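Peer 1:
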Amino acid sequence: MAELDPAILNAGLDLAMEFGPNWMQPIQARLAARHPRLSTEALDAYEAACRETMTWAHLRVPEHWNAVGGDEAEAFRRFKVQVLTAYPWISGKNLKRLWTQGRYYASKDGLLE
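Heads up, the sequence shown is in this note's numbering, so the first residue is 8 and it goes up one at a time.
1) Going by DSSP in three states, H65 sits in which element: helix, strand or coil?
2) Mind checking which residues open and close the alpha helix (DSSP H) that includes P95?
3) Could you give the C-beta distance for V75 and F86, rounded to a whole number, given that I count them as a contact under 8 Å?
4) Is the distance from the Cβ of A64 to the Cβ of L105 below 9 Å?
5) Classify T60: buried if its beta carbon has 16 or more other beta carbons within 10 angstroms, exposed otherwise.
6) Applying the criterion that 16 or more other CB atoms from any shown protein chain within 10 Å of the CB defines a buried residue, is R84 buried or exposed?
7) Would you call the stretch 27–47 and the stretch 87–103 in contact, with 3 or more CB pairs under 8 Å?
Written as structure tokens, this is what we have:
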């Protein structure tokens, strides 16, 4: 399979983080509507990459938040460095959304000190 396109990865990540009726739903059909030339294999690869990225990033939030005693600006700065080192293709918009969603889930699960 060819290398995944950063623009399509960002579109897929945006779809993967969508709330409402599509919350936690597979992205393949919605991504295919935007990119009809993608094969089923490619759509599955984008789904897997986006879910992996989202889960990985969300799990980093409490680590950075708790390391700086809840200083949001510093926690986000550290999060940004780590996430963009691992996934340099992530857009600024998706990075902020990963942070806010990760904070929501971490707070809900009692993981923020």
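Ideal placement from N, C-alpha and C gives every residue a C-beta, glycine not left out. In this text the structure is predicted, and so the values were computed from the model without any measurement.
Peer 2: Taking the geometry as given:
1) Of the three classes helix, strand and coil, the one that applies to H65 here is helix, per DSSP.
2) DSSP places P95 in no alpha helix (DSSP H); its state is neither H nor E.
3) A Cβ-Cβ separation of about 10 Å leaves V75 out of contact with F86 under the 8 Å criterion.
4) Note that the C-beta distance between A64 and L105 is below 9 Å.
5) Buried, because 16 or more other Cβ atoms sit within 10 Å of the Cβ of T60.
6) Its Cβ having fewer than 16 others within 10 Å, R84 is exposed.
7) No, they do not touch.
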